[in-house]
Amino acid sequence: MLFNSGITDGLLPTNVFIRQSLNLNLFFLRIMKEHSFFLAAGFLSKDEALSQQAIHFMNSFNALLTEAILLANGNVDSAVLCSGEVATNMTLRAEQKTQGLGGVPLDTSLTVQELRLVPAAENVNPAIEGNVQSLNERAIVLTRELVKFKTQVLDAMLSGRLFTFNFPLLIVHIRREALLFIEQLRLLQRRGSIDLTQEVICQKVFWDLQMAEHAQFIAHLLDPTEAALIDQANNFARLFFNLRAQTESGANPLGQLIGQEIAATSNLRNFKATAEELILANRIKSIIFPLLADHLLREANHFLRILDTSGRIFGLKNELSGQLKIRTPSLF
Numbered sequence: 033m034l035f036n037s038g039i040t041d042g043l044l045p046t047n048v049f050i051r052q053s054l055n056l057n058l059f060f061l062r063i064m065k066e067h068s069f070f071l072a073a074g075f076l077s078k079d080e081a082l083s084q085q086a087i088h089f090m091n092s093f094n095a096l097l098t099e100a101i102l103l104a105n106g107n108v109d110s111a112v113l114c115s116g117e118v119a120t121n122m123t124l125r126a127e128q129k130t131q132g133l134g135g136v137p138l139d140t141s142l143t144v145q146e147l148r149l150v151p152a153a154e155n156v157n158p159a160i161e162g163n164v165q166s167l168n169e170r171a172i173v174l175t176r177e178l179v180k181f182k183t184q185v186l187d188a189m190l191s192g193r194l195f196t197f198n199f200p201l202l203i204v205h206i207r208r209e210a211l212l213f214i215e216q217l218r219l220l221q222r223r224g225s226i227d228l229t230q231e232v233i234c235q236k237v238f239w240d241l242q243m244a245e246h247a248q249f250i251a252h253l254l255d256p257t258e259a260a261l262i263d264q265a266n267n268f269a270r271l272f273f274n275l276r277a278q279t280e281s282g283a284n285p286l287g288q289l290i291g292q293e294i295a296a297t298s299n300l301r302n303f304k305a306t307a308e309e310l311i312l313a314n315r316i317k318s319i320i321f322p323l324l325a326d327h328l329l330r331e332a333n334h335f336l337r338i339l340d341t342s343g344r345i346f347g348l349k350n351e352l353s354g355q356l357k358i359r360t361p362s363l364f
């Protein structure tokens, strides 16, 4: 998300380019890595070749994320590290438990490194500009290849040539996120100016849809006996579809919509955080991988940071500030 870019003479300053590139890569490279894992976990044993292809993508994104973490230390925004979008206080446990359940090795050392990252001071190290440019370009190339793979999987599912335990909508959903990552990286590489109002609207419409679909996925992956949680998830889905429709209609002021969105997304984030803690404690009946629960939580945290920044740009008084840190309710 490109905010307060400080553009002069139509160019993004080196300091801002480095920060925003690393902010974006820390979040999305992990997301792409986990998409690859979820794809691999969903294939039947007869489709071992597809599973291995997905694992190859996972390892390739892991390598890029390793590089991004090294570059990010001392060169990334504090707000990103505090938001819970890079890693939460449950990510490591979720990875460890998922690794045991899925049998696919996960590089948990990266999570430990992420939790130790130091934010940037006033300025970043300008000497890493070329390394960041290269990282962005390689991330674009790899993510394009992943988009192609996701499309092939989706087409095979819809034509009846392939069965996986992932919903077709989930493939559409994760492909949409990959395309957003590519688009934002390309915008950074061009270093051009943006229309902040239009960018806020586009991001809000995008993440409203993602949050609504997250709620739908949760509802459909819970055991049918978890009726109360299913009802809550379905209510969240309706809420975010409605928030998206309001934004697209243009009937209400953007500042008002952002205020409503912050409240709704905070509630959804808290619902996801509680659900993940319960999943880790084996207190919810579902077919939700613990890492998927953490993945969905991090995306809500990412959206909240975008909304908080948007609120400050449009002069809202109810900034999230301290709320951006994960607060998991006491469950025991």
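Just so we're aligned, residue 33 is where the sequence shown starts under my numbering, counting upward by one.
Beta carbons are placed, not taken as given, at the ideal position from N, Cα and C, and that holds for glycine.
- L212 places its beta carbon 8 angstroms or farther from that of F93.
- When rounded, the separation of the alpha-carbon atoms in L190 and L43 is 44 angstroms.
- Contact check for L324 and I316: beta-carbon distance about 13 angstroms, past the 8 angstroms limit, so the pair fails to qualify.
- Residue pairing by DSSP places S318 opposite L254 in a beta bridge.
- Selection L286, F197 and E258 evaluated against E231 yields L286 as nearest (Cα-Cα).
- Going by DSSP, G74 is part of the alpha helix (DSSP H) stretching over T46 to G74.
- Collapsing the DSSP output to three states places L167 in a helix.
- Across the structure, T183 and E177 are spaced so that their CA atoms are roughly 10 angstroms apart.
- Separation of the CB atoms of G116 and N302 is rounded to 12 angstroms, and the pair is thereby denied contact status at 8 angstroms.
- In the structure shown, T120 adopts coil according to DSSP, grouped into three states.
- In this structure, the CA atom of G134 is about 7 angstroms from the CA atom of A73.
- It is roughly 10 angstroms from the alpha-carbon of L147 to the alpha-carbon of I101.
- Judged by DSSP in its simplified three-state form, L43 adopts strand.
- Look at the beta carbons and you see the segment 111 to 127 not touching the segment 156 to 167: under three pairs across the two are nearer than 8 angstroms.
- In this structure, the CA atom of D227 is about 37 angstroms from the CA atom of E308.
- E245 sits buried, since 16 or more C-beta atoms from the chains shown fall within 10 Å of its C-beta.
- The alpha-carbon separation between T341 and H205 amounts to approximately 25 angstroms.
- Inclusion of D109 and R51 in the CB contact set at 8 angstroms is warranted, their separation being smaller than that value.
- About 11 angstroms separates the beta carbon of V112 from that of R330, a gap too long to meet the 8 angstroms contact definition.
- Among the bridge pairs identified by DSSP, T306 is matched with none.
- In this structure, the CA atom of T143 is about 30 angstroms from the CA atom of Q264.
- Within the DSSP bridge table, the entry for T196 names F75 as partners.
- In this chain, S191 is not harboured by any alpha helix (DSSP H), its DSSP state being neither H nor E.
- Counting the other Cβ atoms within 10 Å of the Cβ of G343 gives 16 or more, which makes it buried.
- Going by beta carbons, L253 and I320 fall inside the 8 angstroms limit.
- Distance from the CA atom of L149 to the CA atom of N121, rounded to whole angstroms, is 14 angstroms.
- Residue burial is scored here from C-beta neighbours: L61 has at least 16 other C-beta atoms within 10 angstroms and is therefore classed as buried.
- The C-alpha of L71 lies about 14 angstroms from the C-alpha of A210.
- Taking C-beta separations shorter than 7 angstroms and ignoring five residues to either side along the sequence, the partners of K65 in its chain run M90, F93, N94 and L97, following chain order.
- Take F335, set aside five residues on each side of it, and the residues of its chain with a beta-carbon closer than 7 angstroms to its own are W239, M243 and T297, in chain order.
- Between E215 and E280, the alpha-carbon positions lie close to 21 angstroms from each other.
- The three-state secondary structure of G343, taken from DSSP, is helix.
- Annotated three-state conformation of D326 is helix, per DSSP.
- The three-state reading of DSSP puts A210 in helix, counting H, G and I together.
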